[in-house]
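Comments concern the structure below.
Protein chains: 2
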Amino acid sequence: MEPVSTREIPDATVARLPVYRRALVDMVAQGEATVSSARLADLAGVNAAKVRKDLSYLGTYGVRGVGYDVEFLLRQIGAALGLDTDAPVVIVGLGNLGQALARYGGFTTRGFPIRALVDADPAKVGTVIDGLEVSSINDLPTLVEERGLAVGIISTPAAAAQPVADALIDAGVGSILTFAPTVIQVPDHIPLRKVDLASELQILGYYHQRGTVEDDRTA
Amino acid sequence: MEPVSTREIPDATVARLPVYRRALVDMVAQGEATVSSARLADLAGVNAAKVRKDLSYLGTYGVRGVGYDVEFLLRQIGAALGLDTDAPVVIVGLGNLGQALARYGGFTTRGFPIRALVDADPAKVGTVIDGLEVSSINDLPTLVEERGLAVGIISTPAAAAQPVADALIDAGVGSILTFAPTVIQVPDHIPLRKVDLASELQILGYYHQRGTVEDDRTA
DNA sequence: GATTGTGAATTGGTTCACAGCG
DNA sequence: CGCTGTGAACCAATTCACAATC
Chain A
41 MEPVSTREIP DATVARLPVY RRALVDMVAQ GEATVSSARL ADLAGVNAAK VRKDLSYLGT
101 YGVRGVGYDV EFLLRQIGAA LGLDTDAPVV IVGLGNLGQA LARYGGFTTR GFPIRALVDA
161 DPAKVGTVID GLEVSSINDL PTLVEERGLA VGIISTPAAA AQPVADALID AGVGSILTFA
221 PTVIQVPDHI PLRKVDLASE LQILGYYHQR GTVEDDRTA
Chain B
41 MEPVSTREIP DATVARLPVY RRALVDMVAQ GEATVSSARL ADLAGVNAAK VRKDLSYLGT
101 YGVRGVGYDV EFLLRQIGAA LGLDTDAPVV IVGLGNLGQA LARYGGFTTR GFPIRALVDA
161 DPAKVGTVID GLEVSSINDL PTLVEERGLA VGIISTPAAA AQPVADALID AGVGSILTFA
221 PTVIQVPDHI PLRKVDLASE LQILGYYHQR GTVEDDRTA
């Protein structure tokens, strides 16, 4: 039994794999059979050397003088990302954002079906969003067990985020994606990603200002 | 007239400034007057050396043996991020996500008021979301001029994202935040940030798999 | 005595450039 | 001949560790 992927893949590479993956999905749809690093780089918005180095961490799957087999590469990337098996998702916090995420098709499409919705507000518990009934946060342990929930999405206000994260981890959820505008602490073995909408705008603000500020002396 | 901030701030530092900023806002609310790099590091989920180095790019604002003045530091970070002046936002694409963003309070709070909503679907044009009337994409140039729109948020399907980005830039919008699951190309002088929900989950998938995979040989 | 500010060391990531191979 | 795979060179970011100084 070979392990599916043995080597360590650098973080920066891991973060680009989904982008390559999407480009490859499009290429399959177009019926293209092989792809060069230059072409894939173009579709992914990076340079060709980076594509080759990134892919080399997965294995030596290219053919010199030819390129990479599109379908094969797609499977390898999928395997590296663990997309072979579904990872059911629970969304906690059904405000504007949480409800939008619940209805958003993009997740379910590949490997991340939304299988539970949870909110602290008793008025929301029992309502149905996009065909799923909203549960109480107290039911998390049962839900995780019964539905095999693997990923928790936190879309609560900042104040609730840390207790919710704790509850998710206690209940057995294995990784967390948070939209709450606050820092949350999780044990080392729990992968955590953070999407912070307000921060994104502020970062843009910096570069915008930099670009538009007149030079003091135009010497 | 000194320029507000002259030196180049590293990208990684810029991305952390909003996090420090939020911690400082909380501290002001708690009435704390000074903060050490260690404490701020704790609140921001990073280490103290990083905080000191990051802040040193803004200027030498600390006092040895004491720490940083909370309010003063907050103002300096705000200035570095260009938060002194509002940057009105237009949201293009009012599906689930776009509508949720339109109603999401988090933006408006600090410096990024949502001032226009745009959708390609004629059935949506003229409807009102959270007090704002939805406009046609053809009206972008007029809207940008009349409302001083500075930031465009793209929450359209992938296929529409590039033309929408082009239209935003043509109309004079200065920076772009995109949620569309595709690569977009913009001229060098336009700051662009990308939030990709499906990718985030896939990245989590990698680390989850890594952590949970049994070692081949448990030697 | 406490805590900053920062050179120096280290680590991680990107890019170059070319040998290797189909 | 074309394109990959990868050492080597380069650059950016992080961390260390300690002198400066309130």
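Protein sequence lines correspond, in order, to chains A and B. Using this note's numbering, read the first sequence as starting at 41 and increasing by one per residue. Using this note's numbering, read the second sequence as starting at 41 and increasing by one per residue. Cβ coordinates follow ideal geometry from the N, Cα and C atoms, glycine included. Small disclaimer: the values here were computed from a predicted structure and weren't measured.
Determine the direct distance from the alpha carbon of residue j to that of residue i, and round the result to whole angstroms.
i	j	result
B/D210	A/V165	46 Å
A/Y247	B/R115	18 Å
A/A201	A/P231	16 Å
B/V226	B/E240	23 Å
A/G122	A/R92	21 Å
B/R187	B/T148	15 Å
B/R61	B/I117	7 Å
B/T182	B/A119	29 Å
B/V235	B/G151	20 Å
B/D66	B/L80	11 Å
B/E185	B/R143	23 Å
B/N178	B/R233	24 Å
A/T258	B/Y101	Confidence in A/T258 is poor, its pLDDT being 36 and thus under 50, which makes the residue's placement unreliable; the coordinate value appears in the next sentence. About 28 Å.
A/Q249	B/F112	20 Å
B/G105	B/Q70	22 Å
Are the Cβ atoms of residue i and residue j separated by less than 7 Å?
i	j	result
B/V132	B/V158	yes
A/Q242	B/P58	yes
B/A73	B/V110	yes
B/G245	A/H229	no
B/L189	B/A207	no
B/A63	B/A84	yes
B/T53	B/D94	yes
A/V68	A/G107	no
A/A163	B/N136	no
B/A78	B/A88	yes
A/A238	A/P221	yes
Once DSSP output is grouped into helix, strand and coil, what is the label at residue i?
i	result
B/I49	coil
A/D256	With a pLDDT of 44 at A/D256, under the threshold of 50, the predicted position of this residue should be treated as unreliable, and no value is reported.
B/A156	strand
B/I216	strand
A/E111	helix
A/L134	coil
B/K234	strand
A/E72	coil
A/S176	strand
A/G192	strand
A/V184	helix
B/L102	Per the sequence shown, the amino acid found at residue 102 of chain B is Gly instead of Leu. Looking at B/G102 - three-state DSSP - the assignment turns out to be strand.
A/I169	strand
A/V223	coil
B/V86	coil
B/P43	Because the pLDDT of B/P43 is 42, which lies under 50, any placement of that residue in the model is unreliable, and the number read from its coordinates should be weighed accordingly. Here B/P43 sits in coil by DSSP.
Can you check which of these residues, the options, is closest to residue i by C-alpha distance?
i	options	result
A/P28	A/Y144, A/A160, A/G107	As displayed, chain A neither begins before 41 nor continues past 259, which places residue 28 of chain A out of reach and without an answer.
A/L134	A/E240, A/A78, A/Y60, A/G192	A/G192
B/V86	A/A238, A/I224, A/S239	A/I224
B/R155	B/G145, B/A78, B/P162	B/G145
B/E48	B/N178, B/A140, B/F112, B/G99	B/G99
B/G138	B/T222, B/V184, B/T218	B/T218
B/Y97	B/P50, B/A238, B/V184, B/D236	B/P50
### Query
Can you find at least 3 beta carbon pairs, one from the region 163-175 of chain B and one from the region 192-202 of chain B, that sit closer than 8 Å?
no
### Task
Specify whether the region 121-140 of chain A and the region 207-221 of chain A touch according to this definition: at least 3 beta carbon pairs, one from each stretch, less than 8 Å apart.
yes
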